[in-house]
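Accompanying notes for the structure given below.
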Amino acid sequence: MKHIIIGGGVAGLYLAYRLQQRGEDYLLLEAGTHWGGRAAGYDLGDGHALELGATWFWADFQPELAALIRELGLAVFDQPTGKLLVETSAREVSAADYPYVDGQRIAGGMSKLPDTLAGYLKKENVQLGQKVVAVKQVSDGIEVQTESHTFRGGKLWIAIPPRLAAQIAFTPALPEGLLNEWRNTPTWMAPHAKFIALFDRPFWRERGLSGNGRSYAGPMVEIHDISNQDDTFGALFGFVGVPYAARSRLKNGELETLCRAQLVRLFGEEAQSRLQTAFIKDWAAEPLTAAPADLSGSPDHPHAPRNAPASGAWAGRLTGVSAEFSPNFPGYLAGAVEAVRLGLG
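The UniProt record's numbering applies: residue 1 is where the sequence shown begins, and numbers increase by one.
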């Protein structure tokens with residue numbers, strides 16, 4: 001039986017990796033031009049990539065993900081510690097002890113995880129640029145229609161967010177109750193935007209700062225250090241607190257200008273003089289991540305919907321394995337790993 005996997009993020013890649021280890025036939029279809037989904041990074045061209053989405057993991061709390069990282073031989077390092085900057089207004093910034101542990105990161109960037117998984121897969125079994133638009137049952141299995149090709153298999157795996165999966169035309173139709181659950185499941189990261197800033201070095205550590213920040217003045221409400229493990233460059237990202245509806249009305253470059261100014265308020269003039277590049281990653285503008293309902297929805301992690309119909313024509317022939325289907329880590333990288341394990345049984 002051929003397994004057809006829709007989605008080439010960590011869940012789809014990990015599922016294909018496990019199926020390949022079992023000696024089973026599979027075809028992985030990804031709509032975009034690259035692998036990784038929300039774990040993809042901004043490639044710096046020197047073996048490092050800046051995290052645009054998933055950033056940390058916690059080995060004690062997420063043992064399955066940690067085990068996979070060890071299995072793939074990926075080096076990890078602890079997030080550096082230091083004081084937290086708190087901005088209570090545009091004119092008042094203070095430093096405070098930061099008692100929390102930000103977890104560990106993968107050396108070279110979190111995108112090493114999907115890149116490494118993709119590297120193990122047989123090239124003839126994976127295809128980029130194949131957006132699935134329709135799925136139907138036929139006499140000898142399942143027919144999957146993309147914008148340019150038709151593929152056939154025996155088992156379908158949904159490795160894209162439930163809201164995106166609900167946009168696919170299924171014949172026969174999926175149970176309406178299941179579809180409603182999928183439509184009402186927010187996609188983690190989809191409403192968010194991040195400001196990413198690259199510097200020649202993590203200069204804030206010279207002042208005993210962690211790079212973490214919290215702000216009540218904005219536009220960024222939360223800031224984190226994503227410098228590399230050997231400090232050959234410094235990098236920060238900030239979650240933008242401006243909702244999509246508001247930030248989409250800003251003039252071109254206006255939000256970036258405001259974010260740059262905020263970094264100067266927090267970290268001083270070096271945040272400008274040492275800046276090498278800066279940009280906004282707006283996940284709400286990514287149609288392969290965000291569904292229309294995500295643009296005005298809650299930014300919180302979702303509650304897992306059912307991953308498969310319990311009865312009807314699609315029972316036993318379709319399973320959801322994206323991170324949102326994880327009962328314990330919905331939306332997290334660890335959720336993708338858990339959802340695959342649960343799906344495989």
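Beta carbons are placed, not taken as given, at the ideal position from N, Cα and C, and that holds for glycine. Only a predicted model underlies this, so the values are computations on that prediction, with no experimental measurement involved.
Requested in this report: Return the chain-ordered list of same chain residues with a C-beta closer than 6 Å to the C-beta of Thr116, the five sequence neighbours on each side being excluded.
Outcome: Only Leu72 meet the Cβ criterion.
Requested in this report: Mind checking who Trp58 pairs with in its DSSP beta bridge?
Outcome: According to DSSP, residue pairing for Trp58 in a beta bridge does not occur.
Query raised in the report: Beta-carbon separation of residue 347 and Ser326 under 8 Å?
Result: Not covered by the structure: residue 347. The range shown for the chain is 1 to 345.
Query raised in the report: How long is the line joining the alpha carbons of Asp43 and Phe279, rounded to whole angstroms?
Result: Approximately 13 Å between the Cα atoms of the pair.
Report task. Report the residue from Phe151, Thr81, Phe199 and Ile69 whose alpha carbon sits nearest the alpha carbon of Leu28. Result -> The option with the nearest alpha carbon to Leu28 is Phe151.
Query raised in the report: Between Glu147, Arg18, Tyr26 and Leu13, which lies nearest to Ala40 when the distance is taken from Cα to Cα?
Result: Nearest C-alpha to Ala40: Leu13.
**Report entry** Buried or exposed (CB count within 10 angstroms, at least 16 for buried), Met1
**Finding:** Met1 should be labelled exposed.
Query raised in the report: Going by Cα to Cα distance, which pick from Arg306, Pro287, Gly343 and Ala334 is closest to Pro114?
Result: The option with the nearest alpha carbon to Pro114 is Ala334.
Query raised in the report: Nearest-angstrom Cα distance between Pro287 and Asn184?
Result: Rounded to the nearest angstrom, the gap between the Cα atoms of Pro287 and Asn184 is 17 Å.
Query raised in the report: So Ile69 is in the alpha helix (DSSP H); what residue range does that whole segment cover?
Result: Pro63 to Glu71 is the extent of the alpha helix (DSSP H) around Ile69.
**Report entry** Cβ-based neighbour list, Gly320, same chain, cut-off 6 Å, excluding 5 preceding and 5 following
**Finding:** Excluding sequence positions up to five before and after Gly320, its CB lies within less than 6 Å of the CB of Ile158 and Asn307, all in the same chain and listed in chain order.
Report task. Compute the Euclidean distance between the alpha carbons of Gly154 and Glu24, then round it to the nearest angstrom. Result -> C-alpha separation (whole angstroms): 12 Å.
Query raised in the report: Taking the alpha carbon of Trp283 as the point to measure from, which residue in Ala107, His3, Lys136 and Val242 has its own alpha carbon closest?
Result: Across the set Ala107, His3, Lys136 and Val242, the C-alpha of Val242 shows the shortest separation from the C-alpha of Trp283.
Requested in this report: Compare the C-alpha of Phe329 against each of Trp35, Trp204, Gln62 and Ala173 and name the closest.
Outcome: When each option's Cα is compared against that of Phe329, the closest is Gln62.
Query raised in the report: Which partner residues does Ser215 have in the DSSP bridge list?
Result: Ser215 is bridged to Glu87.
Query raised in the report: What is the C-beta distance between Ala54 and Ala75, in whole angstroms, given that I count them as a contact (C-beta under 8 Å)?
Result: Going by Cβ atoms, the distance from Ala54 to Ala75 rounds to 17 Å, so no, they are not a contact pair.
Query raised in the report: Asp225: buried (16+ other C-beta within 10 angstroms of its C-beta) or exposed?
Result: Flag for Asp225 reads buried.
**Report entry** For Leu50, the nearest candidate out of Ile196, Trp35 and Ala169 (CA to CA)
**Finding:** If we check each option's Cα against that of Leu50, Ile196 comes out closest.
Requested in this report: Give a yes or no on whether the C-beta atoms belonging to Leu266 and Leu85 are separated by under 8 Å.
Outcome: Going by C-beta atoms, Leu266 is nearer than 8 Å to Leu85.
Query - Sub-8 Å separation of Val144 and Val138 beta-carbons - result: The answer is no: Cβ separation not under 8 Å.
**Report entry** Integer Cβ distance of Trp35 from Gly103, believed to fall under 8 Å
**Finding:** Not a contact, Cβ separation roughly 23 Å.
Report task. Run the CB neighbour count on Arg91, radius 10 Å, all protein chains shown included, and call it buried at 16 or more, exposed below. Result -> With fewer than 16 Cβ atoms within 10 Å of its Cβ, Arg91 is classed as exposed.
Query raised in the report: Under 8 Å between the Cβ atoms of Ser215 and Gln262?
Result: A contact, by the Cβ cut-off of 8 Å.
Query raised in the report: Who are Tyr26's beta bridge partners in DSSP?
Result: Its beta-bridge partners are His3.
Requested in this report: Could you name the residues that DSSP lists as bridge partners for Ser94?
Outcome: DSSP output for Ser94 lists Val86 as bridge partner(s).
**Report entry** Distance, Arg18 Cα to Asp78 Cα
**Finding:** Straight-line measurement puts the Cα of Arg18 at about 28 Å from the Cα of Asp78.
Query raised in the report: Among the residues of its own chain, which have a CB less than 8 Å from the CB of Asn180, if the five just before and after it don't count?
Result: Within its own chain, no residue has a Cβ closer than 8 Å to the Cβ of Asn180 once the five positions on either side in sequence are excluded.
Query raised in the report: By the 10 Å Cβ neighbour count, where 16 or more other Cβ atoms means buried, how is Ala11 classified, buried or exposed?
Result: By the neighbour-count definition (other C-beta atoms within 10 Å, threshold 16), Ala11 is a buried residue.
Query - Nearest candidate by alpha-carbon position, reference Gly211, set Asp231, Ala217, His192 and Ala193 - result: Each of Asp231, Ala217, His192 and Ala193 was checked against the Cα of Gly211, and the nearest Cα belongs to Asp231.
Query raised in the report: Applying the criterion that 16 or more other CB atoms from any shown protein chain within 10 Å of the CB defines a buried residue, is Asn228 buried or exposed?
Result: For Asn228, the number of other beta carbons within 10 angstroms of its own is at least 16, and it is reported as buried.
Query raised in the report: From which residue to which residue does the beta strand (DSSP E) around Asp43 run?
Result: Here the beta strand (DSSP E) through Asp43 covers Gly41 to Asp43.
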